[in-house]
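Respectively, the protein sequence lines represent chains A and B.
Here this note's numbering is used: position 157 in the first sequence is 157, and no number is missing along the way.
Heads up, this note's numbering is the position in the second sequence plus 1000, with the first residue counted as 1.
What follows is one structure encoded as structure tokens, with my remarks underneath.
2 protein chains.
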Amino acid sequence: MRQLILTALTGIGEVRRGADLARLLAGALAANGLTLETGDVLVVAQKIVSKAEGRRALLAEVEPSAHAVELARIVLKDPRLVELILRESREVLRAKPNVLIVEHRLGFVMASAGVDQSNLPLSEDGRAALLLPEDPDASARRIRDGLQALLGAAAGVVINDSFGRAWRNGVSGIAIGIAGVPGLIDLRGSPDREGRPLEVTQVAAADELAAAASLLMGQADESVPAVLARGFPYAGREGSVQELLRSRAEDLFR
Amino acid sequence: MRQLILTALTGIGEVRRGADLARLLAGALAANGLTLETGDVLVVAQKIVSKAEGRRALLAEVEPSAHAVELARIVLKDPRLVELILRESREVLRAKPNVLIVEHRLGFVMASAGVDQSNLPLSEDGRAALLLPEDPDASARRIRDGLQALLGAAAGVVINDSFGRAWRNGVSGIAIGIAGVPGLIDLRGSPDREGRPLEVTQVAAADELAAAASLLMGQADESVPAVLARGFPYAGREGSVQELLRSRAEDLFR
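Encoded structure:
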């Protein structure tokens, strides 16, 4: 029986700067009565990766540029938050009240460069914001290697986040960093059942898995920051999230 | 333990025009040793819904308009195929060699209006193409009602397809019709753990489930045209795929 089984990992609690995520995840697997097997994939929420990596910025320490102040008037956001977003971005694609769509320095087209103020504990130093990990593929590899060292299983890791989409309402889970998992499955050249080449050729498998896990993570309730996926059909192939990013030259929608 | 379990339904075989999909799916559940429970969701591939509904067009019977002939030169496709795409569309958004992005008459922004030539048996009458169902929400409701009549369980139904995305490579599973499942989960007003309102407010739950099931369906191998999902956290709420379509006025990327 071909099955994909996703299990929520609960009990991880608040993740602090410097936390060893592989160790936390290994502990959560055990606490949930789960083992990690070769071929499994752990989907880990971006927020806990960013927190462990200390990707927190205090708004009080940010000096907004003139451009940020100007843009903040358009998008109706705190100029210091806009400054952080601009520092994380290569290009602003769209700006209107409450919406700031950018190309993140890592290549993701996304709202607010992933700079997020929700679910951050209010610090004694005032309001803070959380940035995406510096290099999410590297973060995924570190977690994968740590899990292998601790548990002996060659598992894949997907770091996911929730992105808005063009043309569709609502956010959906998406991969921002991967290790031991392919970004794209290439079906180019596979004939269909009549022997004709398929027109649809590449499947964004890592994004589909990120979306699946996102269903168990919820949004307001941060108590499920990781999901164990068993039965992912493409585990074990190596990949990078870069595969998933359409090059600017091929991009028809900017 | 919070789990989402997706199981491939095999053995459905070639679906013919007029087929009773609820009956076929009930048979496949039994043949796979599965029961249908209230709260389950069946994800059904668009192709078998279109086939059952007879949404097949023979290219030999299509007379391309002057506009279709002109557009076919740009996109390097058969003018009769382009004519079918235009008949299924409200608007052409982008046209370049091998790419024709339209707004489908149902509101979906997608490649080639979903008109698909792969995995269609070559007919004696020549080349054929498959169109999307006339009204996929209605198709989903018919399947849902049929399953309830046959098996007594109030299950949800999602009809999925694979769409390309702006900015990202690869196709991903997406919902084109739903019944007994919400399109969007609305988290507006739910405070985060510090009591601040969340900025990200709506989750495209039906699309996430469609993507999850797509992982088990594959692309070239059509032997898995349906997936049983158990543990979908939002089953039982009613919805329409229209919830998922961003209105033209709010769309920043056309």
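From the three backbone atoms N, C-alpha and C, an ideal C-beta is built for every residue, glycine too.
_Proximity winner among Leu1084/B, Pro1064/B and Pro1097/B, relative to leucine 1076/B (alpha-carbon distances)_ = Comparing alpha-carbon positions, the option among Leu1084/B, Pro1064/B and Pro1097/B lying closest to leucine 1076/B turns out to be Pro1097/B.
*Distance, Cα to Cα, glycine 156/A vs serine 172/A?*
Distance between the alpha carbons of glycine 156/A and serine 172/A is about 21 Å.
_I want to see whether chain B comes within less than 7 Å of aspartate 261/A, judged by CB atoms only; does it?_
Lying outside 1 to 254, the shown extent of chain A, residue 261/A is not represented and no answer is given.
*Nearest CA to the CA of alanine 1060/B: which residue from Ala1072/B, Glu1053/B, Leu1084/B and Gly1039/B?*
Of the residues Ala1072/B, Glu1053/B, Leu1084/B and Gly1039/B, the one whose Cα lies closest to the Cα of alanine 1060/B is Leu1084/B.
*Per DSSP, threonine 7/A is paired with what?*
According to DSSP, threonine 7/A bridges with Leu228/A and Gln1003/B.
_So, for aspartate 207/A: in the same chain, excluding its five sequence neighbours on each side, which residues have a beta-carbon less than 7 Å away from its beta-carbon?_
Residues Ile174, Ala175 and Leu244 of the same chain have their beta carbon placed closer than 7 Å to that of aspartate 207/A, with the five preceding and five following residues left out of the count.
*asked:* Within 7 Å of any Cβ in chain A, is that where the Cβ of alanine 1129/B sits?
replied: It does not: the Cβ of alanine 1129/B has no partner Cβ on chain A nearer than 7 Å.
*First and last residue of the beta strand (DSSP E) that includes glycine 1173/B?*
For glycine 1173/B, the enclosing beta strand (DSSP E) starts and ends at 1172-1179.
_Checking the sheet assignment: what are the DSSP bridge partners for methionine 110/A?_
Checking the DSSP bridge columns, you'll see methionine 110/A partnered with Val102/A.
*Note the first and the last residue of the continuous alpha helix (DSSP H) segment covering valine 75/A.*
Boundaries of the alpha helix (DSSP H) around valine 75/A: 66-75.
*Can you name the residues of chain B whose CB is closer than 9 Å to the CB of asparagine 32/A?*
Per Cβ cutoff of 9 Å: Met1001.
_Cβ-Cβ separation, valine 1043/B to alanine 1229/B (assumed contact under 8 Å), whole Å_ = Indeed they touch by this definition, with Cβ atoms about 6 Å apart.
*Going by DSSP, what residues sit across from lysine 96/A in a beta bridge?*
Per DSSP, Val99/A.
*Roughly how many angstroms separate the alpha carbons of alanine 45/A and threonine 10/A, rounded to a whole number?*
Note on geometry: alpha-carbon atoms of alanine 45/A and threonine 10/A lie some 12 Å from one another.
*Closest Cβ-Cβ distance between threonine 38/A and chain B: below 7 Å?*
It does not; no Cβ of chain B falls within 7 Å.
*Thinking just about the alpha-carbon of each residue, which of Leu147/A, Ile5/A and Arg168/A is nearest to the one in aspartate 20/A?*
With distances taken between Cα atoms, aspartate 20/A lies closest to Leu147/A.
*How about leucine 6/A: is its C-beta nearer than 7 Å to some C-beta of chain B?*
So yes, leucine 6/A belongs to the interface.
*asked:* Let me check understanding here. Comparing Cα to Cα, which of Arg254/A, Gly236/A and Phe163/A lies closest to glutamate 37/A?
replied: Of the listed residues, the one whose Cα sits closest to glutamate 37/A is Gly236/A.
*Can you tell me the Cβ-Cβ gap for isoleucine 1005/B and isoleucine 5/A, rounded? I've got them flagged as a contact below 8 Å.*
Taking 8 Å as the upper bound for CB-CB distance, isoleucine 1005/B and isoleucine 5/A are in contact here, some 5 Å apart.
*Nearest to aspartate 992/B by CA position, among Gly1231/B, Asp1040/B and Leu1131/B, is which residue?*
Here chain B has residues from 1001 to 1254 only, and residue 992/B is not among them.
*Give the C-beta separation of alanine 1129/B and alanine 1057/B to the nearest angstrom, bearing in mind that I take them to be a contact with Cβ-Cβ under 8 Å.*
Contact flag correct, Cβ pair sits at about 5 Å.
*With a threshold of 16 other CB atoms inside 10 Å of the CB of histidine 67/A, please say whether the residue is buried or exposed.*
Counting Cβ neighbours within 10 Å, histidine 67/A comes out exposed, since fewer than 16 surround it.
_glycine 152/A, DSSP secondary structure in three states_ = Looking at glycine 152/A - three-state DSSP - the assignment turns out to be coil, as it is neither helix nor strand.
*asked:* Given a cut-off of 7 Å on the beta-carbon distance, is the pair histidine 104/A and glutamate 88/A in contact?
replied: In contact: histidine 104/A and glutamate 88/A (Cβ atoms closer than 7 Å).
*Who pairs with arginine 168/A in a beta bridge, going by DSSP?*
In DSSP, arginine 168/A forms a bridge with Leu1245/B.
*Beta-carbon proximity of alanine 8/A to leucine 151/A, cut-off 7 Å*: With respect to leucine 151/A, alanine 8/A sits apart: the two C-beta atoms are not nearer than 7 Å.
*When we look at the beta-carbon of valine 200/A and count the other beta-carbons within 10 Å, is it buried (16 or more) or exposed?*
Here the model assigns valine 200/A a pLDDT of 48, short of 50, so the residue's position is not dependable and the matter cannot be decided.
*Looking at the C-beta of alanine 1026/B, does it have a partner C-beta in chain A at a distance below 7 Å?*
The beta carbon of alanine 1026/B sits no closer than 7 Å to any beta carbon of chain A.
*Buried or exposed (CB count within 10 angstroms, at least 16 for buried), methionine 1/A*: Classification of methionine 1/A: exposed, given that the 10 Å Cβ count is below 16.
*asked:* Short of 7 Å Cβ to Cβ, which residues in the segment 1160-1188 of chain B face chain A?
replied: Here the close residues are Ser1162, Arg1165, Ala1166, Trp1167, Arg1168, Asn1169, Gly1170, Val1171, Ser1172, Gly1173, Leu1184 and Leu1187.
*Those residues which DSSP pairs with alanine 57/A across a bridge*: According to DSSP, which records beta bridges pairwise, alanine 57/A is partnered with Ala129/A.
*asked:* Any beta carbon from chain B within less than 7 Å of serine 89/A's own beta carbon?
replied: So, not an interface residue.
*Quick one: what does DSSP say glycine 1205/B is sitting in, helix, strand or coil?*
For the record, residue 1205/B in the displayed sequence is alanine; it is not glycine. It is helical.
*Buried or exposed: aspartate 137/A, going by 16 or more other Cβ atoms within 10 Å of its Cβ?*
Classification for aspartate 137/A: buried.
_So, under 8 Å CB-CB, isoleucine 12/A and alanine 226/A are touching, yes? Tell me the CB distance rounded to an integer number of Å._
Going by Cβ atoms, the distance from isoleucine 12/A to alanine 226/A rounds to 7 Å, so yes, they are a contact pair.
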